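J.: Okay, here's the structure, questions in a sec.
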Amino acid sequence: MRAALNAVLLAALGAMAAGCSIDTAIPGRATKIVPATLYDPCTLPDDALHAIGVDPASTAPDFFGVQSEGWEVCAWEADWYFVTVAATDVTVEEFRARPKNTDFRSVVVGARDAYSFRSIYESEQALCDLAYPSARGTLLIRASAKGTERGREEGLPEDPCAVTLRTAITLDPYIPD
């Protein structure tokens, strides 16, 4: 028995070493196509960051220094808000299907069809997301107010969704198709 198990294991390792892969897909389940490499928003040039009104020196990669599988994230600070740009293997359709996401609006970013949306949670009312597919993952752009009592938009200098759309349009030339 042990010899048979070792033979199977050696055959599997040999196949992988030879460049073959083992199919682990579950029959009847949809296979998600994930880009080989997600776009890294931390590679945006300083001139693009200045154009969206953020300080390039405030670059914060990942989620507060924590890496998350399936995400490439970078955030920057502006005067009254933060901008976060992320590439993910989560599709726009998956964002739309999440019960916490609401208020989807179709918008155009360059030649791309995109969607801005908000969260249903009152604690997140001072932010807005925008998502669209690219060749290197779904791009998610977020504007979130800082230094405010989250959940209260009154008193903000501008609607976070307007900031998100303007940011997406400005950064569009730097994002892979």
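Mapped onto mature numbering (1 follows the signal peptide of the UniProt record, and there is no 0), the consecutive letters of the sequence shown carry residue numbers -17 to -1, 1 to 160. Beta carbons are placed, not taken as given, at the ideal position from N, Cα and C, and that holds for glycine. In this text, all values refer to a predicted model and were calculated from it rather than measured experimentally.
Count the other C-beta atoms from every protein chain shown that fall within 10 angstroms of the C-beta of A118, then say buried if there are 16 or more, exposed otherwise.
T.: Exposed.
J.: Please report the straight-line C-alpha distance between Q108 and Y64, rounded to a whole angstrom.
T.: Each residue's alpha carbon lies about 13 Å from the other.
J.: Jot down the residue ranges of each uninterrupted alpha helix (DSSP H) in the segment 45 to 85, minimum 4 residues, whole runs only, in chain order.
T.: Complete alpha helix (DSSP H) runs here, min 4: 75 to 80.
J.: Would you call the segment 87 to 97 in contact with the segment 146 to 160, where contact means no fewer than 3 C-beta pairs closer than 8 Å?
T.: Contact between the segment 87 to 97 and the segment 146 to 160 is present, because at least three Cβ pairs lie under 8 Å.
J.: Residue range of the alpha helix (DSSP H) that P140 falls in?
T.: Per DSSP, P140 belongs to no alpha helix (DSSP H) and is neither H nor E.
J.: Report yes if the C-beta distance between W54 and S41 is below 8 Å; otherwise report no.
T.: Cβ distance not < 8 Å, so W54 and S41 don't count as in contact.
J.: If distances are taken between C-alpha atoms only, which option among T20, T74, D62 and H33 comes closest to V116?
T.: The question names Val, yet the displayed sequence has Pro at residue 116. Measuring from the Cα of P116, the nearest candidate turns out to be T74.
J.: Grab me the residues of A114's own chain with a C-beta within less than 7 Å of its C-beta, minus the 5 sequence neighbours each way, in chain order.
T.: Only V75, F78, A97, Y98, T121, L122 and L123 meet the Cβ criterion.
J.: Can you give me the start and stop residues for the alpha helix (DSSP H) that L113 sits inside?
T.: No alpha helix (DSSP H) holds L113; the beta strand (DSSP E) holding it covers L110 to S117.
J.: Taking just the CA atoms, how far does D142 sit from F100?
T.: Going by the C-alpha atoms only, they are around 12 Å apart.
J.: If I measure Cβ to Cβ from V91 and keep anything under 6 Å in the same chain, skipping five residues before and after, which residues do I get?
T.: Excluding sequence neighbours, V91 sits near nothing in its chain.
J.: Taking the alpha helix (DSSP H) that A34 falls in, what are its first and last residues?
T.: Looking at the DSSP string, the run of the alpha helix (DSSP H) that includes A34 is D29 to A34.
J.: In angstroms with no decimal places, state the Cα-to-Cα distance between L27 and A70.
T.: Distance between the alpha carbons of L27 and A70: 13 Å.
J.: With distances taken from CA atoms, which of D160, A61 and Y22 is nearest I35?
T.: When only C-alpha atoms are compared, the closest one is A61.
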